[in-house]
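Visitor:
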Amino acid sequence: MNILQSKYTGYLVHITAWAVILGIPLFVTAPNRPLMQGPEYVRFLLVTLSFMVVFYTNYFRLIERHLFTRHPGRFLGCNLLLVAAVIALLHLFFRYILPPPDLIGMHRPELPWQHAVRFFAGNAILYLLVVAVSVAIRMTGSWYKAETARQRLEHSHTEAELQNLKSQLNPHFLFNTLNNIYSLIQIDTSRAQQAVHDLSRMLRYVLYDSSHPAVPLSAEIDFLRDYIELMRIRLPRHVRLFVSLPDEPSQTPVAPLLFISLVENAFKHGVSNEKPSYITIDIHEIGDQLICKIKNSYFPKAESDRSGSGIGLQNLAKRLRMIYPERHTFEYGLSGEADYQALLCIKLKEK
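Position 285 of the sequence shown, counting from 1, maps to 306 under our numbering, and the rest follow consecutively.
1. When you compare only the Cα positions, how much space is there between Q207 and Q214?
2. In whole angstroms, what separates the C-alpha of T273 from that of L88?
3. If you draw a straight line from the alpha carbon of E358 to that of R258, how long is it in whole angstroms?
4. Roughly how many angstroms separate the alpha carbons of P192 and P277, rounded to a whole number?
5. From the DSSP output, in three-state form, read off E168 for me.
6. Give a yes or no on whether the C-beta atoms belonging to D303 and S271 are separated by under 9 angstroms.
7. When burial is assigned at 16 or more other CB atoms within 10 Å of the CB, is R222 buried or exposed?
8. Verify the contact flag: H176, CB atom, against every heavy atom of the ligand HEM, threshold strictly below 8 angstroms.
9. Under the DSSP definition of a beta bridge, which residues are partnered with L365?
10. Specify the secondary structure class of L278 as computed by DSSP and reduced to three states.
11. How many angstroms separate the CA atom of A38 from the CA atom of T90?
12. Measuring straight from C-alpha to C-alpha, what distance separates G354 and S177?
13. Can you check DSSP and say which residues form a bridge with L262?
14. At which residues does the alpha helix (DSSP H) containing A106 begin and terminate?
15. Counting only the same chain and skipping the five closest in sequence on each side, list residues whose C-beta sits under 8 angstroms from that of L149.
16. Assuming I84 and R159 form a contact by the criterion Cβ under 8 angstroms, report the distance between their Cβ atoms to the nearest whole angstrom.
17. What is the C-beta distance between V284 and Y248, in whole angstroms, given that I count them as a contact (C-beta under 8 angstroms)?
18. Are I312 and L341 closer than 9 angstroms when you measure CB to CB?
19. Enumerate in chain order the residues of its own chain whose CB-to-CB distance from L132 is below 6 angstroms, with the five nearest sequence positions on each side excluded.
20. Please determine, among L364, K322, V275, the residue with the shortest C-alpha to C-alpha distance to K316.
21. Can you round the beta-carbon distance between R64 and F115 to whole angstroms, since I take them to be within the 8 angstroms contact cut?
22. Tell me which residue opens and which closes the alpha helix (DSSP H) that T210 is part of.
23. Which residues in the same chain have their Cβ closer than 6 angstroms to the Cβ of Y80, if we skip the five residues on either side of it in sequence?
24. Specify the secondary structure class of E358 as computed by DSSP and reduced to three states.
25. How would you call G98, buried or exposed, if buried means at least 16 neighbouring beta carbons within 10 angstroms?
26. I'd like the span of the alpha helix (DSSP H) that includes I242, first residue to last.
27. Is S318 helix, strand or coil when you go by DSSP?
28. Helix, strand or coil: which one does DSSP assign to H233?
29. Tell me whether T198 is buried or exposed, calling it buried when 16 or more other Cβ atoms sit within 10 Å of its Cβ.
30. For V107 and S71, what's the separation of their Cα atoms in angstroms?
31. Below 6 angstroms CB to CB, which residues in the same chain sit around G329 once its five sequence neighbours on both sides are set aside?
Laid out in structure tokens, this is it:
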């Protein structure tokens with residue numbers, strides 16, 4: 022439907038432009054000069070129609086056949102022949118069928134060939150200018166179509182890549198969470214049952230709600246709160262966990278599963294079973310800015326440890342570039358020798 026609308030809009034622009042050109046002599050004139058009438062307007066009409074012949078012969082045939090196929094020599098040769106033929110026909114018509122009024126004393130008597138040369142020289146540049154305008158308009162239209170097609174393809178590619186990232190994220194999240202439930206069953210059965218209930222709610226969010234392009238920020242925060250509480254259960258006593266989440270988060274739409282990779286990474290690398298450890302999670306809104314700051318102690322895992330699947334932060338960075346281009350900052354890495362920090366700032370409202 023959009024393609025048809027664009028096509029008909031183009032036709033309408035062409036028709037309107039030529040109608041304006043043809044109508045100008047009937048309604049607009051120079052000072053002390055009457056409006057065009059009769060034979061004078063017929064001559065103007067014929068010249069304009071000859072412009073249209075040159076313009077559309079190039080627009081629909083010569084540009085596509087020769088210029089787009091990189092044969093500029095053929096294109097130039099065809100146009101020289103076309104312009105010469107059109108000017109020759111106009112010269113014959115104006116000389117023998119509808120000659121202009123005799124301008125006594127304005128020109129010296131000329132031989133026919135002299136008149137023909139002067140007529141051709143006086144009009145050739147004008148017709149070549151028409152050719153140039155035709156090329157410019159056609160090339161601009163071709164570029165616009167190519168750019169539109171590229172953007173559609175890029176959008177489709179982005180959507181497919183986002184779905185691929187989610188399909189990787191879901192089993193990754195499930196694998197880590199089931200590990201936590203398994204550990205909890207051995208510690209406290211009743212709490213494990215509650216954890217299973219919480220997990221079912223979280224999985225519903227991951228598998229169904231996250232399929233939407235955006236979710237309310239409140240839903241994303243509730244999901245994180247459930248996940249953090251589930252992770253808290255299995256933490257050793259010496260691990261300090263500080264969590265600051267909005268008590269009443271807004272309903273502002275955000276991309277789903279934005280923060281889970283950051284939180285998972287903190288629990289994966291920030292906890293030691295023997296050494297003092299800490300994790301700080303702070304998510305808050307300031308105006309239209311959503312800020313997530315996570316800091317934790319850092320204990321590198323062995324290279325053989327695949328619990329993180331190697332997809333978390335890299336996939337998050339990739340998603341952010343696709344969903345919030347030029348509207349986010351994302352930094353992560355070591356902060357000192359034994360601390361790791363991630364900072365994500367998102368401008369929620371697009372200008």
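Glycine is no exception: its CB is placed at the ideal position from the N, C-alpha and C atoms.
Guide: A quick look at the data gives this:
1. Rounded to the nearest whole angstrom, the C-alpha separation of Q207 and Q214 is 12 angstroms.
2. Distance between the alpha carbons of T273 and L88 is about 51 angstroms.
3. Near 23 angstroms, if we compare the C-alpha coordinates of R258 and E358.
4. Just so you know, the alpha carbons of P192 and P277 end up roughly 15 angstroms apart.
5. Helix.
6. Judged by beta-carbon spacing, S271 lies beyond the 9 angstroms limit of D303, meaning their Cβ atoms are not closer than that value.
7. Counting every other CB atom within 10 Å of its CB across the protein chains shown gives R222 a total below 16, marking it as exposed.
8. As far as ligands go, the structure on display features none, and thus does not contain the ligand HEM.
9. L365 is bridged to C313, F351.
10. In the three-state scheme derived from DSSP, where H, G and I count as helix and E and B as strand, L278 is classed as coil.
11. Each residue's Cα considered, the two are about 29 angstroms apart.
12. When the Cα atoms are used, G354 and S177 turn out to be separated by approximately 32 angstroms.
13. When beta bridges are read from the DSSP output, L262 appears opposite I300.
14. A106 -> alpha helix (DSSP H) spans 93-113.
15. In chain order, N100, V104 place their CB closer than 8 angstroms to the CB of L149, counting only its own chain and leaving out the 5 sequence neighbours on each side.
16. About 5 angstroms; that satisfies the 8 angstroms criterion.
17. About 7 angstroms; that satisfies the 8 angstroms criterion.
18. Cβ distance not < 9 angstroms, so I312 and L341 don't count as in contact.
19. Summary for L132: the model assigns pLDDT 47, below 50, so the residue's position carries little reliability; its value from the coordinates is reported in the next sentence. If we look at L132 and ignore the five residues flanking it on each side, it has no Cβ neighbours.
20. That would be L364, whose Cα lies nearest to the Cα of K316.
21. About 7 angstroms; that satisfies the 8 angstroms criterion.
22. Here the alpha helix (DSSP H) through T210 covers 210-228.
23. Sequence-distant Cβ neighbours of Y80 in its own chain, meaning closer than 6 angstroms and more than five residues away, are S155, R159.
24. The DSSP-derived three-state label of E358 is coil.
25. Exposed, by the Cβ-count rule.
26. In the DSSP assignment, I242 falls within the unbroken alpha helix (DSSP H) covering 238-254.
27. Correct three-state label for S318: strand.
28. Looking at H233 - three-state DSSP - the assignment turns out to be coil, as it is neither helix nor strand.
29. Classification for T198: buried.
30. Taking the straight line joining both Cα atoms gives about 7 angstroms.
31. Low per-residue confidence applies at G329: pLDDT is 47, beneath 50, and the placement is therefore not dependable enough to give any value.
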